[in-house]
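A short worksheet on the structure shown next.
Numbering (UniProt numbering), first residue to last: 1 to 158.
Encoded structure:
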């Protein structure tokens with residue numbers, strides 16, 4: 001929510017996220033909220049789930065020309081930051097950037113050989129292929145099949 005001139009207020013629960021880009025650099029990113037790897041906070045009507053009170057809140061200063069990329073984990077688990085920056089820098093139309101990011105995420109999610117952000121994090125957390133596959137030189141790779149939601153917005157002056 002852009003409440004005051006130059007102020008963006010962010011509330012986030014779980015593994016959806018937001019990245020703020022300025023002049024081709026990510027200057028702010030929300031952190032995923034997880035109980036443990038691959039088990040994010042989730043809003044639900046069930047009594048045991050998280051509520052809006054569990055959200056993390058941030059206040060960030062924005063400038064004209066900044067680009068805001070919001071997405072589900074289907075985006076951030078499958079697309080590296082440098083790919084996000086490259087796409088939104090090359091394609092200044094926010095609808096086109098959103099579409100391209102979603103296409104890249106979807107493509108990566110189905111690529112079993114892609115060294116995805118998800119696969120790298122899984123291996124870093126101790127998840128990998130069975131020992132017999134390691135002996136054969138295999139490792140955990142591939143994207144993560146998931147829903148992909150992407151919104152790209154640009155900060156403009158009123």
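The beta-carbon is built from N, C-alpha and C at its ideal position, and this holds for glycine as well.
Values in this document were obtained by computation on a predicted structure and should not be read as measured data.
For residue 118, the enclosing alpha helix (DSSP H) begins and ends at 117-124. Taking the CA atoms as reference points, residue 110 sits about 22 Å from residue 69. Contact annotation: the segment 74-82 touches the segment 107-121, with at least three C-beta pairs closer than 8 Å.
Of the other Cβ atoms in all chains shown, 16 or more fall within 10 Å of the Cβ of residue 72; this residue is therefore buried. Fully enclosed beta strand (DSSP E) runs of no fewer than 3 residues occupy 2-4, 7-12, 17-22, 25-29, 34-36, 56-61, 67-71, 150-154 of the UniProt domain "PPM-type phosphatase" (1-155), in order along the chain. Taking a C-beta distance under 8 Å as the contact criterion, residue 136 and residue 128 do not qualify as a contact pair.
Looking from the CA of residue 34, the closest CA among 21, 13, 53 belongs to 13.
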